[in-house]
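One structure below.
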Amino acid sequence: MEEIVKVLSTEYLTHDVIRLVLEKPAGINFVPGQATEVAINKPEWKTKRRPFTFTSLTDDDFLEFVIKTYPSHNGVTNELLSIKPGDELIIRHIFGAIKYKGEGIFIAGGAGITPFIAILKELEKKNEIGNNKFIFANKARADIILEDKFNKLLGKNFINVLSEEMLPEYEHGYVSAELIKNNTDISTRYYYLCGPKPMMKAVEEQLSTLGIKPEFIVKESF
Numbered sequence: 054m055e056e057i058v059k060v061l062s063t064e065y066l067t068h069d070v071i072r073l074v075l076e077k078p079a080g081i082n083f084v085p086g087q088a089t090e091v092a093i094n095k096p097e098w099k100t101k102r103r104p105f106t107f108t109s110l111t112d113d114d115f116l117e118f119v120i121k122t123y124p125s126h127n128g129v130t131n132e133l134l135s136i137k138p139g140d141e142l143i144i145r146h147i148f149g150a151i152k153y154k155g156e157g158i159f160i161a162g163g164a165g166i167t168p169f170i171a172i173l174k175e176l177e178k179k180n181e182i183g184n185n186k187f188i189f190a191n192k193a194r195a196d197i198i199l200e201d202k203f204n205k206l207l208g209k210n211f212i213n214v215l216s217e218e219m220l221p222e223y224e225h226g227y228v229s230a231e232l233i234k235n236n237t238d239i240s241t242r243y244y245y246l247c248g249p250k251p252m253m254k255a256v257e258e259q260l261s262t263l264g265i266k267p268e269f270i271v272k273e274s275f
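Pasting the structure below:
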């Protein structure tokens, strides 16, 4: 599969995270949590493909991506900062290991939130948020993506952890076994993980110390 799609709108969600809304090709289907490869339809960028997760839902009449940008890398995400409505992107095959299996705790670091945006949107649409919890790790409050949305959706079940900033009502440090244990209850069956590889490794080790079996860990790294 390869589709050329036009950009409909762009906006900043945080100082370094953008939301892109694109035209939706006919017949494209994906499961919340899945991703695709994206390239910019310009001669010098066509072959530079990067994986981005859909943050729209399959039955939306548009495609949406929430993308963390890295201007210092001078790569694809930096180039996306200059994308404007009417420009074109190329999307290719769809993939991804994360899908919703049942109530549990979502644990994300930074841009690892993206598959959970779609999954939680779908649960909200179906009125099935239930007692799902979301532990979100970032450096500072300014880095939290869609904080207001998830506060409204999850309330006390949205737990933010800041490694470089100490603020009232925010956890400080890193995602710990104790934090996971304190938010685990009778409704917790699955642990959904997505984030940088060092964080993923650390959280998986913590889950192991808590006696969580691998079959109850649903993960995606980037």
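Residue numbering for the sequence shown follows the numbering used here, starting at 54 and increasing by one per position. Yeah, the Cβ is synthetic: ideal placement off N, Cα and C, and Gly gets one too.
Of the residues assessed, Y245 falls on the buried side of the cut-off, its CB having 16 or more other CB atoms within 10 angstroms. V91 is a Cβ neighbour of R103, given a cutoff of 7 Å. C-alpha of I71 to C-alpha of S125: approximately 16 Å in a straight line.
I170 sits away from L176, with the two beta carbons spaced by 7 Å or more. A straight line joining the alpha-carbon of P251 with that of S229 spans about 13 Å. Around the beta carbon of P85, a 10 Å sphere encloses 16 or more other beta carbons of the protein chains shown; the residue is thus reported as buried. Residue burial is scored here from C-beta neighbours: N213 has at least 16 other C-beta atoms within 10 angstroms and is therefore classed as buried. Within a 10 Å sphere around the beta-carbon of Y153 sit 16 or more other beta-carbons, which makes this residue buried.
For T106, the number of other beta carbons within 10 angstroms of its own is at least 16, and it is reported as buried.
The closest CA to that of Q87, considering only L207, A79, V256, G165, is found on G165. Uninterrupted beta strand (DSSP E) stretches at least 3 residues long and entirely within the segment 174–244 occur at 186–191, 211–215, given in chain order. If only complete runs of 3 or more residues are kept, the segment 101–126 shows the beta strand (DSSP E) at 103–106, 115–121, in order along the chain.
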